[in-house]
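> Handing you a structure now.
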Amino acid sequence: MNALLCVDAVHAHYGKSHVLQGVSLHVQDGELVTLLGRNGAGKTTTLKTIAGVMPPTQGQVRFGGEAVHRLATHLVAQRGICLVPEHRGIFKLLTVEENLLLGQRKKSPWQLPDIYRIFPRLKERRANGGGQLSGGEQQMLAIGRALMNAPRLLMLDEPVEGLAPVIVEEIVAQLQTIKAAGVAILLVEQNLEVCTQLADRHYIIEQGAIVHEARNADFIADDAVKDRYLGVG
Ligand code: ATP
Numbered sequence: 001m002n003a004l005l006c007v008d009a010v011h012a013h014y015g016k017s018h019v020l021q022g023v024s025l026h027v028q029d030g031e032l033v034t035l036l037g038r039n040g041a042g043k044t045t046t047l048k049t050i051a052g053v054m055p056p057t058q059g060q061v062r063f064g065g066e067a068v069h070r071l072a073t074h075l076v077a078q079r080g081i082c083l084v085p086e087h088r089g090i091f092k093l094l095t096v097e098e099n100l101l102l103g104q105r106k107k108s109p110w111q112l113p114d115i116y117r118i119f120p121r122l123k124e125r126r127a128n129g130g131g132q133l134s135g136g137e138q139q140m141l142a143i144g145r146a147l148m149n150a151p152r153l154l155m156l157d158e159p160v161e162g163l164a165p166v167i168v169e170e171i172v173a174q175l176q177t178i179k180a181a182g183v184a185i186l187l188v189e190q191n192l193e194v195c196t197q198l199a200d201r202h203y204i205i206e207q208g209a210i211v212h213e214a215r216n217a218d219f220i221a222d223d224a225v226k227d228r229y230l231g232v233g
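So, in structure tokens, the structure goes:
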């Protein structure tokens, strides 16, 4: 398959605990795909294996046709895979602008003015310390910093968790802009409304394996699947 990202029968272990048991999924160029599932299903671990944070014990991750599952994290990032983890990784003692510049790659199509255009709040706060930001602003900063690194695939782990509805709306609109600019996105998110507003396709993972795949319109209409795998519907 010629998808941008191909995850092929990936297994992963934490010690003896066999957490991913043959995860296969793909993301096309410019596509926004969600990975849904109950707590502990293996969503974060899947993102970590793709990002090279946790090498798979079996299976392959291919990106742009190249096998990347044995590369160190910084080399995976250099290929254009960026993970924004749940805890966001903001440097609290650095300013917003310093945090952004840490992600900068000279040839990135995303430079400071581009980030400030998408996230006007970050421009207003650019001289403030990372530790002074609200949760929503920290999330925007983490996404902005990832963009500065010129991702072809942005992976987001629960970007709107715990944020106020008005901020969630802002982030959804910003992600739509980023997607429209051609960046592929793999999104882990519990808020199904957000997922269905943004996604082209969804995967559901259960006990470390993909159990369902659907295009967005089919997923929206399928209450039985939402009830069976996610406990909503
Ligand atoms: P959540 O929404 O709760 O974060 P998730 O679908 O992202 O869930 P993972 O975080 O990938 O799930 O965890 C998958 C399984 O691996 C869970 O059973 C979890 O308890 C276990 N696990 C996660 N991190 C570790 C770790 N560092 N050491 C051992 N086991 C872990």
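Heads up, the sequence shown is in the UniProt record's numbering, so the first residue is 1 and it goes up one at a time. We put the CB at the ideal spot given by N, CA and C, even for glycine.
In whole angstroms, what is the alpha-carbon distance linking residue 74 and residue 149?
Cα-Cα distance, rounded: 11 Å.
> Beta-carbon distances below 5 Å to any heavy atom of the ligand ATP define the shell here; list its residues in chain order, please.
After applying the 5 Å Cβ criterion, the set is 14, 19, 39, 40, 41, 42, 43, 44, 45.
> Answer yes or no: do residue 42 and residue 11 have a C-beta to C-beta separation smaller than 7 Å?
No, Cβ-Cβ distance for residue 42 and residue 11 is not below 7 Å.
> Looking at C-alpha atoms only, which residue of 143, 137, 208, 191 is the closest neighbour of residue 185?
The shortest C-alpha separation from residue 185 is found at 143.
> Along the chain, where does the beta strand (DSSP E) that runs through residue 11 open and close?
5-14 is the span of the beta strand (DSSP E), which, as asked, contains residue 11.
> What would DSSP say about residue 66, mapped onto helix, strand or coil?
Strand at residue 66.
> Find the nearest neighbour of residue 32 within the set 207, 209, 232, 176, judged by alpha-carbon distance.
The option with the nearest alpha carbon to residue 32 is 176.
> So residue 229 and residue 206 are in contact, right, with Cβ under 8 Å, and what is the actual spacing, rounded?
The Cβ separation is near 6 Å, so the contact holds.
> Determine, using beta-carbon pairs with one atom in the region 115-134 and one in the region 89-103, whether at least three such pairs fall under 8 Å.
These segments touch.
> Taking the straight line between their C-alpha atoms, what separation do you get for residue 166 and residue 139?
So the two alpha carbons sit approximately 14 Å from each other.
> Just the C-alpha distance for residue 34 and residue 217, rounded to the nearest angstrom, thanks.
The alpha-carbon atoms of residue 34 and residue 217 are separated by roughly 13 Å.
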